[in-house]
Each structure stands twice: as C-alpha cells, then as structure tokens.
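Accompanying notes for the structure given below.
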Amino acid sequence: GLVTLKEILENTRKEGYAVGSFNFNGYEDAQGIINGAAEKNSPVILMASMGACKYIGLHQTVGMIKGMAASVDIPVCLHLDHATDMDYIKEAIKAGFSSVMIDASAEDYEINIQKSKEIVEFAKDYHCSVEAELGKVGGKEENIVVSDEKATFTQPSDVPRFVEETGIDALAIAFGSVHGFYKSEPKLDFERLAEIAKITDCPLVLHGGTGIPVEDFKKCVVSGISKINVGTEFKKTFTDTIRKMCNDLPEKEVDPRKYMGPVKDACAEVVKGKIDVFGSANKA
Ligand code: G3H
Ligand code: ZN
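For what it's worth, full-length UniProt numbering labels the leading residue of the sequence shown as 8, then goes sequentially.
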C-alpha cells in the first residue's frame, strides 16, 4: 500500500538525503517516475495538483497510483500538491491520498495556522500526512501565481509556533526558490534554511525544484531539506518527447503507444538523475 509522507521522510535528515516529489498529469509520466525510482531502489513521492486530480479524476488518480505502487518494491507516497480548497482536500484524504498539502500561505499567519490545523485534525482518522507552507514561494504553480513583490521568505521566528500548533508532518519554506522556469540564476538563502533547520525537527520542503543547479540541491540537502518538489521539468519532458516523436512519426503510424510510450522512459531518466543528486538511491 501507499506510505505516508511522515513515514517516507522519517530518516532523511539523520541519514542526509532528500526524497524527490514529482508532479504527474497522467499515466505515462506517473509510471515513468515510479519506474525510475524502482530502478534506483529509492523511495518516491508522486504528487498531483488539484488541476491534475480534476483532469484524471480523484478516484482514478488514487486507483492508478495504488496499482503502480503494488507492482514495485519501494515506498510510494501519493501527495496532493498545493491545495487551497478545504473541502477538496478532505475529499482527497477520504479517497485515499497518503499525504496532502494545505497551501494557506496566501492567508495571514493566524488563518494559516487555523486552516492547517483543521486539515491535520481531519487527517488523523486516515492514513494520511499533512504538509503546510509558511512564507510565499514566488512564481506560477497552476492557478497559484505569486509576483516577485508578493513572494516573501519564511521568517525563522514564525516557525516553532506554527509547527507546534498545527501538528503538521512537513513544512514548505520560502528561501529563494521559484515555481516554474527561473528568469535568472536562482539565489537561495542557505543561511535562512540552516537557521530554520536548527530550530525545528519538522521535515522541510523545497518547492520550485525545476532549474535549481546540482550544487545548490546538494547544499539544500546538507542544510536540512527532506523533500524536494520538481514539477515543470516533467511537463517539459512529457511535451518535448511527444513533440519530437510525433514529428518523426510516419504518416501511416497511428498507434498512440509509439509516441506516448517514450514519455515513460524520458521521465524515468529525469527521476534517476534527481535521485542521484538527492542521495535517496538504495534508501527504499
Ligand atoms: O509543488 C510543486 C513544485 O514546487 C514544482 O515546482 O514546477 O518549479 O519544479 P517546479
Ligand atoms: Zn510547489
């Protein structure tokens, strides 16, 4: 069965690795991500945005990932990414997600605490973990758009009370990463990250993994990041692969598997590369 986020992140900090959390939008990318992780004998988190869940269907999403997880020998966590709708989050928990993110980072501190805590309380009756966000990661993630001016770094002093009162299993923090493609070189505030890691044992999450250089990823992991989210790179891999395959396709070839199939291998390759950097190979 699926494992919770709490379970999959348990040894990350003390053993010095992070678990990759990868966005999928359909069958091919999801299966490719799982295949790549299985080849590396690594735990893996598959995450679906609310948009992806609505596209695939909530129950279809759970059924598909449970089926895939049952055919491999690695821990697999199914996570709902960046959800703002309280009712939808509860539906996802009831449907069988083993982790959800309540993203109330746009609200003020007290409301963020209240909403995050409400989801933690609800999830207690289910096999499900909760991630919340403090500070605002800039850029564009589905329908959540945060302008450069509105993006704010996480205040270390806000962290202890937030973690304690909400009871969350993982905390997304903002220290310079951006959702989507980077407009310029990412500048991460590693001192802030280290300071936050020092004051809390709560597993920390890096959002906006697409475009972050290998050396920065490694620094994030040694400084206390336990979960690394990568989304846009998979969208790009999916689309680039199909674009290329279809361009090369003979006119009489009509089998969708001919051009959709390679998406699985392309996504698996991306995952294997990330796992090598995050240090989660053979941690299954
Ligand atoms: O929650 C999803 C991630 O933070 C994705 O960010 O699309 O920039 O890789 P990314
Ligand atoms: Zn994110």
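Heads up, the beta-carbon is just placed ideally off N, CA and C, and yes, glycines get one too.
None of these values were measured; they are calculated from a predicted model.
Three-state class that DSSP yields for residue 159 in the structure shown: Along the sequence shown, read from residue 1 onward, the residue named residue 159 stands at position 152. In this structure, residue 159 counts as strand in the three-state DSSP scheme.
message: Using a Cβ distance threshold of 8 Å, determine whether the stretch 197-217 contacts the stretch 226-240, with at least three qualifying pairs required.
response: A contact is defined here as three or more CB-CB pairs under 8 Å, and the stretch 197-217 meets this definition with respect to the stretch 226-240.
- prompt: Mind checking whether residue 49 and residue 288 have CB atoms under 7 Å apart?
  reply: Here the question's residue 49 lines up with position 42 in the sequence shown. Here the question's residue 288 lines up with position 281 in the sequence shown. A contact, by the Cβ cut-off of 7 Å.
- prompt: Would the C-beta of residue 86 count as close to the ligand G3H, meaning under 6 Å from any of its heavy atoms?
  reply: Walking along the sequence shown from the start, residue 86 turns up at place 79. No.
- request: Use the C-beta contact count for residue 150: other C-beta atoms within 10 angstroms, 16 or more gives buried, fewer gives exposed.
  value: Indexing the sequence shown from 1 puts residue 150 at position 143. Exposed, since its Cβ has fewer than 16 Cβ neighbours within 10 Å.
message: For the alpha helix (DSSP H) containing residue 66, name the first residue and the last one.
response: As a first step, residue 66 must be located in the sequence shown, where it is residue number 59. Run containing residue 66: 65-77, per the alpha helix (DSSP H) assignment.
- prompt: For residue 278, does the three-state DSSP call read helix, strand or coil?
  reply: As a working note, residue 278 is residue 271 in the sequence shown. Helix at residue 278.
message: Let me check you understand the geometry: is the CB of residue 280 closer than 6 Å to at least one non-hydrogen atom of the ligand ADP?
response: Absent from the structure shown: the ligand ADP. Ligands present: the ligand G3H and the ligand ZN.
field: 7 Å CB neighbourhood of residue 65 in its chain, flanking five on each side removed
entry: The count along the sequence shown starts at 1 and reaches residue 65 at position 58. Non-local C-beta neighbours of residue 65 in its own chain, meaning closer than 7 Å and more than five positions away in sequence, comprise 98, 99 and 102, ordered along the chain.
message: Check this for me: beta carbons of residue 7 and residue 109, under 7 Å apart or not?
response: As displayed, the chain neither begins before 8 nor continues past 291, which places residue 7 out of reach and without an answer.
message: Suppose contacts are defined by Cβ-Cβ distances below 7 Å. Is residue 216 in contact with residue 196 by that definition?
response: Looking up residue 216 in the sequence shown gives position 209. Looking up residue 196 in the sequence shown gives position 189. With contacts defined by Cβ atoms closer than 7 Å, residue 216 and residue 196 do not form a contacting pair.
message: Closer than 8 Å is the cut-off here; do at least three beta carbon pairs connect the stretch 61-78 with the stretch 266-273?
response: no
message: Just verifying my parser: in three-state terms, what is the DSSP assignment at residue 114?
response: In the sequence shown, counting from the first residue as 1, residue 114 sits at position 107. Coil at residue 114, not helix or strand.
- request: In the DSSP assignment, find the beta strand (DSSP E) that holds residue 46 and state where it starts and stops.
  value: As a first step, residue 46 is located in the sequence shown; it is residue number 39 there, counting from the start. Unbroken run through residue 46 is the alpha helix (DSSP H), 34-46; no beta strand (DSSP E).
- prompt: Closest Cβ-Cβ distance between residue 19 and chain B: below 7 Å?
  reply: As a matter of chain content, chain B is missing from the structure shown, which is built from one protein chain.
task: Determine the closest residue to residue 279 out of 36, 115, 8 and 40, with distance taken between C-alpha atoms.
output: Counting from one through the sequence shown, the residue named residue 279 turns up at place 272. Nearest of 36, 115, 8 and 40 to residue 279, Cα basis: 40.
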